[in-house]
Structure formats: C-alpha cells, structure tokens
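Residue numbers for the sequence shown follow full-length UniProt numbering, so the first one is 1 and each next one is one higher.
Worksheet: the structure to be examined is printed underneath.
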Amino acid sequence: MFYMERAVSPSTGAVTFVVVDDQSYVIHKEACDFSLHLRARGRSPHTQRSYLPRVGRYLNWCSTRGIDWRTVSLGDLARYKLGLEQSRVRRSQHLLTGKTVNAHLTTVCEFLRFCAAQGRIPREVADRLVEPRFLRYAPRGCQRGEHGEHSMIRARVLKAVFDA
Numbered sequence: 001m002f003y004m005e006r007a008v009s010p011s012t013g014a015v016t017f018v019v020v021d022d023q024s025y026v027i028h029k030e031a032c033d034f035s036l037h038l039r040a041r042g043r044s045p046h047t048q049r050s051y052l053p054r055v056g057r058y059l060n061w062c063s064t065r066g067i068d069w070r071t072v073s074l075g076d077l078a079r080y081k082l083g084l085e086q087s088r089v090r091r092s093q094h095l096l097t098g099k100t101v102n103a104h105l106t107t108v109c110e111f112l113r114f115c116a117a118q119g120r121i122p123r124e125v126a127d128r129l130v131e132p133r134f135l136r137y138a139p140r141g142c143q144r145g146e147h148g149e150h151s152m153i154r155a156r157v158l159k160a161v162f163d164a
C-alpha cells in the first residue's frame, strides 16, 4: 500500500512530499516526479500535501483490484469514482461530498495526464479522460472558435454530482 511522506532536503531544507510503499519504503517514481512537477509549476506545498494522498489512494485502489494504474480503462475509473462516492470520512462517518470526490478525480486526471506527457503511460489513457465540449458563451479571456461562434474546451468525462 502507498501513503504520503514529508521529505526535507538535507542541503536546502526545502519541504516536499513523496508517495512511498508502506512495506519497502520505496518511493513511487511517477508520484514523486508529479510532486516535483507541481512544485515547478508554482503550486504550494499545501497543494502537494493534498494531491499526493489522493494519488496514493488511487494507486492503492488499483493495486487491491489487480488493475495496472498505467493502463486503467474509463470503466475502471468509473468504478473508482463510485467507490469514492460510497466512502465515508473517518471521523464523522459521513459520505464524501461531491466536491471532495471531484477533487480526487481532478488529481487522478492531472496525475495520469502528467504521466502521459512524460511518456510513462500510453497517451490513450489520458485522452480517454476528457472529451470535447462546446461553450456557447466563452468566459472572459477565452479564445473564440474558428468562426467566432463557439469555443471548444476539453472537459473531464467523470464528475460527481454535487450535493443539494
């Protein structure tokens, strides 16, 4: 099973976070590189601290089901989403909110897109996570479509329904 650990550079004292195997304490290479990528993009250590446990949860979910996280199917990710929606918060025993489930899905999609961009997983795995969507009204600053009528974006396929 994987979990997040805080890591401190002995030379600079900079704090980062890594995902390690709980038996061997071996650092998960792709998750570590994802953490460094987040830092390089200017994301705060707090963002790393919230993203990496989600990556670890995804890796654990795949591992316990015998699914290779590198070639996960859309159906597998839909089952992962359902599992998240049925999960309970440890302290309160309430179900995870739609917002929390979406935060997990966003993190997993970012992680898989990062791995695909680095050539560590097949590009098709990341491509199946998004689909083209057309916006009738584009937000301020968004480029208009070729004919100025509609804007196309790539939207995440899997989303949780927000609580009422």
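The beta carbon of each residue, even a glycine, is placed where N, CA and C say it ideally should be.
Using only alpha-carbon positions, find the residue among Thr16, His28, Ser11 and Arg70 that is nearest to alanine 126.
By one-based count along the sequence shown, residue 126 stands at place 126. For alanine 126, the nearest C-alpha among the options comes from Arg70.
Measure from the alpha carbon of asparagine 60 to the alpha carbon of each residue in Cys115, Asp22, Ala103 and Gly119, then state which is nearest.
Taking the sequence shown and counting its residues from 1, the one referred to as residue 60 is at position 60. For the residues Cys115, Asp22, Ala103 and Gly119, the minimum Cα distance to asparagine 60 belongs to Asp22.
Decide if the segment 73-83 is in contact with the segment 39-55; the criterion is three or more beta carbon pairs, one per stretch, under 8 Å apart.
no
Should the segment 32-49 be called in touch with the segment 112-122, which here means at least 3 C-beta pairs below 8 Å?
yes
How many Å lie between valine 19 and phenylalanine 2 at the Cα?
As a position in the sequence shown, residue 19 is number 19, starting the count at 1. As a position in the sequence shown, residue 2 is number 2, starting the count at 1. Inter-residue distance for valine 19 and phenylalanine 2 is about 6 Å (C-alpha atoms, whole angstroms).
Let me know the secondary structure DSSP gives arginine 6 once reduced to three states.
Here residue 6 refers to the residue found at position 6 when the sequence shown is read from its first residue. Strand.
Please classify glycine 13 as buried or exposed, where buried requires at least 16 other C-beta atoms within 10 Å of its C-beta.
In the sequence shown, counting from the first residue as 1, residue 13 sits at position 13. With fewer than 16 Cβ atoms within 10 Å of its Cβ, glycine 13 is classed as exposed.
Using three-state DSSP, classify isoleucine 88 as helix, strand or coil.
Counting from 1 along the sequence shown, the entry for residue 88 is found at position 88. Rather than isoleucine, the amino acid found at residue 88 in this sequence is arginine. It is a strand residue.
Who pairs with valine 20 in a beta bridge, going by DSSP?
The residue you call residue 20 lines up with position 20 of the sequence shown. Partner(s): Tyr3 and Ile27.
Between the beta-carbon of valine 55 and the beta-carbon of threonine 97, is there less than 8 Å?
Within the sequence shown, the letter at position 55 stands for residue 55. Within the sequence shown, the letter at position 97 stands for residue 97. The answer is no: Cβ separation not under 8 Å.
I think leucine 129 touches valine 101, with their Cβ atoms under 8 Å apart; what is that distance to the nearest whole Å?
For the purposes of this step, residue 129 is identified with residue 129 of the sequence shown, where counting begins at 1. For the purposes of this step, residue 101 is identified with residue 101 of the sequence shown, where counting begins at 1. The Cβ separation is near 15 Å, so there is no contact.
Just how far apart, CA to CA, sit alanine 164 and glutamine 86?
Reading the sequence shown from its first residue, position 164 is the one you call residue 164. Reading the sequence shown from its first residue, position 86 is the one you call residue 86. Model confidence at alanine 164 stands at a pLDDT of 43, short of 50, so the residue's coordinates are unreliable; what they give is reported in the following sentence. C-alpha separation (whole angstroms): 17 Å.
According to DSSP, is leucine 52 helix, strand or coil?
Taking the first residue of the sequence shown as position 1, residue 52 is located at position 52. Helix, per DSSP.
Suppose you measure from the CA of alanine 103 to the CA of glycine 66; what does that come to, to the nearest Å?
Translated into the one-based positions of the sequence shown, residue 103 becomes position 103. Translated into the one-based positions of the sequence shown, residue 66 becomes position 66. Their backbone Cα atoms lie some 24 Å apart in a straight line.
Just tell me which of Ala7, Leu38 and Arg6 has its CA closest to the CA of residue 170.
What is shown of the chain runs 1 to 164, which leaves residue 170 out entirely.
From which residue to which residue does the alpha helix (DSSP H) around glycine 13 run?
Residue 13 sits at position 13 when you count from the first residue of the sequence shown. It is not in any alpha helix (DSSP H) - glycine 13 carries neither H nor E in the DSSP assignment.
Tell me which residue opens and which closes the alpha helix (DSSP H) that alanine 103 is part of.
For the purposes of this step, residue 103 is identified with residue 103 of the sequence shown, where counting begins at 1. It spans 98-117 - the alpha helix (DSSP H) in which alanine 103 sits, taken as one unbroken run.
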